[in-house]
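Beneath this line is the structure, given in structure tokens, with notes to follow.
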Amino acid sequence: MNDKINIDGKKKRIFILVSVLVVLIFVAIFVYAKRLNNKVYSSYKTLNKVSLSHLDVAVVSENCKAFSDGIIRYNSYGMSYYSGGKEVWNSSFNIENPVMDMCSGYIAIAQKDSCEVTLIDKSGNQRKIQTSYPIKSVEVSKQGVVAATLDDGDACYIEIYDKDGTSIASGRTVLAGDGYPIDISISNDGTRLVASYLSVSNGSTQSKVVFYNYSSVGQNEVDRIVGGFNQYKSTLVPDVEFINNTTAVAFGDNMFTIYSIEQKPKIAYEEKFEDKIDMVFHSSKYIGIVFKSNSADYSEVLKVYDTSGKKVFTKSLDFKFSDICFVGKNVVMNDSSNCRMYSFSGVERFNYTFDKNIIKLVPLKDDKYSLITGTDVEEIELK
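Just add 779 to wherever you are in the sequence shown, counting from 1, and you've got the numbering used here.
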């Protein structure tokens, strides 16, 4: 009997010891992660550098974008892909007024008002896709599915193509009917599309947001429309974005709506503001909204939300930035010479003035960035 009591007591002590160790491990991981996310940097080191010998026309920040595991630099005369401190490929073309989108390993680019989209993969391979009418905008998914808004002068169209150029779907709208598509966004898997329309009825304009599904979910729906929302009334909705496969955001001039899309879309969160929205940006997990400020102490106010609509960070900004983005649970912003990074807990993790002109600062991974200047692409690491 005593032996059984001793064995049971020993098992209980072992269980308690293991439980305490597990708790201590989780606490240690939490503390380490929190310290890591609030680590402060004061400088940087250059890991590698490559000269911008191709595309010798002046570049602005909008022409440099993160792509795959590197960056794309483009202008009207061509495009180059840089990764790992070297130029992987370049392609020459003549596109006077390019419209472009990229997702994962694909780039879709076209000359506005032309009838041809060029689809490029991360190896530089190209495929031409012919559209039925002149192109106004293009979107591309992770699978290489291309969506294009078209205009023949009398009506507008949204056409969807797979990566081989085969037409998947097409829809026609007119301003006095369904409306004019202001913006579209396609989900990463290429099965869903959201469009913002501006319509005219009885002499007044109204915005609405419409969702399409090109999988089996939408096959029995008229025009594959699985949801429509017209609560915006007099608010213009110039920007709609799929930020992940099941979350889309519609940005009005003074409000925003988060839509959750499992089968059909529903409103997950919506907020109206007294001030007009000045700028928006997002990652797959967070949404950033910037407002102009009338205060003499700071020029702008930043609000950050998660995909459920929970506000996770608010900050008054005294720094007039030209570019802003999320890096994990941090906000990174820069102008032509200075860069700042703030964690969601409000810690200023980086505040540095470079001795060179910044055209674009592109996050790569961990604490590494691509620093694009007028002459070089540098891969740098914060320290």
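All C-beta atoms in this analysis are idealised placements derived from N, C-alpha and C, irrespective of residue type, glycine included.
Predicted, not measured: the structure shown is a model, and the values here were computed from it.
Does the Cβ-Cβ distance between residue i and residue j come in under 8 angstroms?
| i | j | result |
| --- | --- | --- |
| residue 1111 | residue 1095 | no |
| residue 1164 | residue 991 | Summary: the structure shown does not reach residue 1164, with the chain confined to residues 780 through 1162, and so no result is reported for it. |
| residue 1123 | residue 1156 | no |
| residue 979 | residue 1015 | no |
| residue 937 | residue 960 | yes |
| residue 963 | residue 926 | yes |
| residue 941 | residue 917 | no |
| residue 1135 | residue 824 | no |
| residue 1048 | residue 1088 | yes |
| residue 983 | residue 1017 | no |
| residue 860 | residue 867 | yes |
How would you write the range of the beta strand (DSSP E) that residue i sits in, first residue to last?
| i | result |
| --- | --- |
| residue 1157 | 1155–1161 |
| residue 1018 | 1018–1023 |
| residue 940 | 935–940 |
| residue 1102 | 1102–1105 |
| residue 869 | 865–871 |
| residue 1007 | 1004–1008 |
| residue 988 | 983–992 |
| residue 1117 | 1117–1122 |
| residue 905 | 905–909 |
| residue 969 | Element bounds for residue 969: n/a, residue is neither H nor E. |
| residue 845 | 843–846 |
| residue 913 | It is not in any beta strand (DSSP E) - residue 913 carries neither H nor E in the DSSP assignment. |
| residue 1029 | 1026–1030 |
| residue 878 | 877–882 |
| residue 1073 | First-last for residue 1073: undefined, no H or E at that position. |
How would you call residue i, buried or exposed, if buried means at least 16 neighbouring beta carbons within 10 angstroms?
| i | result |
| --- | --- |
| residue 1000 | exposed |
| residue 956 | exposed |
| residue 1042 | exposed |
| residue 1027 | buried |
| residue 890 | buried |
| residue 1148 | buried |
| residue 1067 | buried |
| residue 800 | exposed |
| residue 810 | Residue placement at residue 810 is flagged as unreliable, the pLDDT there being 48, under the threshold of 50; a coordinate-derived value is accordingly withheld. |
| residue 792 | exposed |
| residue 1158 | buried |
| residue 1109 | buried |
| residue 901 | buried |
| residue 1036 | buried |
| residue 1113 | buried |
| residue 1101 | exposed |
| residue 835 | Below a pLDDT of 50, predicted positions are generally treated as unreliable, and residue 835, at 45, falls in that range; the measurement from the model is reported next regardless. Looking at its Cβ environment, which holds fewer than 16 other Cβ atoms inside 10 Å, residue 835 is exposed. |
| residue 997 | buried |
Assuming residue i contacts residue j (C-beta within less than 8 angstroms), just tell me the rounded distance between them.
| i | j | result |
| --- | --- | --- |
| residue 1140 | residue 1118 | 6 angstroms |
| residue 850 | residue 1151 | 7 angstroms |
| residue 828 | residue 864 | 7 angstroms |
| residue 870 | residue 903 | 6 angstroms |
| residue 1116 | residue 1133 | 5 angstroms |
| residue 1061 | residue 1020 | 6 angstroms |
| residue 968 | residue 1045 | Not really, about 19 angstroms apart at Cβ, beyond 8 angstroms. |
Residue i CB to nearest chain B CB: under 8 angstroms?
| i | result |
| --- | --- |
| residue 1037 | Any reference to chain B falls outside this structure, which holds one protein chain only. |
Three or more beta-carbon pairs under 8 angstroms between the region 980–987 and the region 912–932, yes or no? no
Do the region 906–913 and the region 863–879 meet, that is, are 3 or more Cβ pairs less than 8 angstroms apart? no
Contact between the region 878–888 and the region 841–851 is defined here as three or more beta-carbon pairs at a separation below 8 angstroms; is this criterion met? yes
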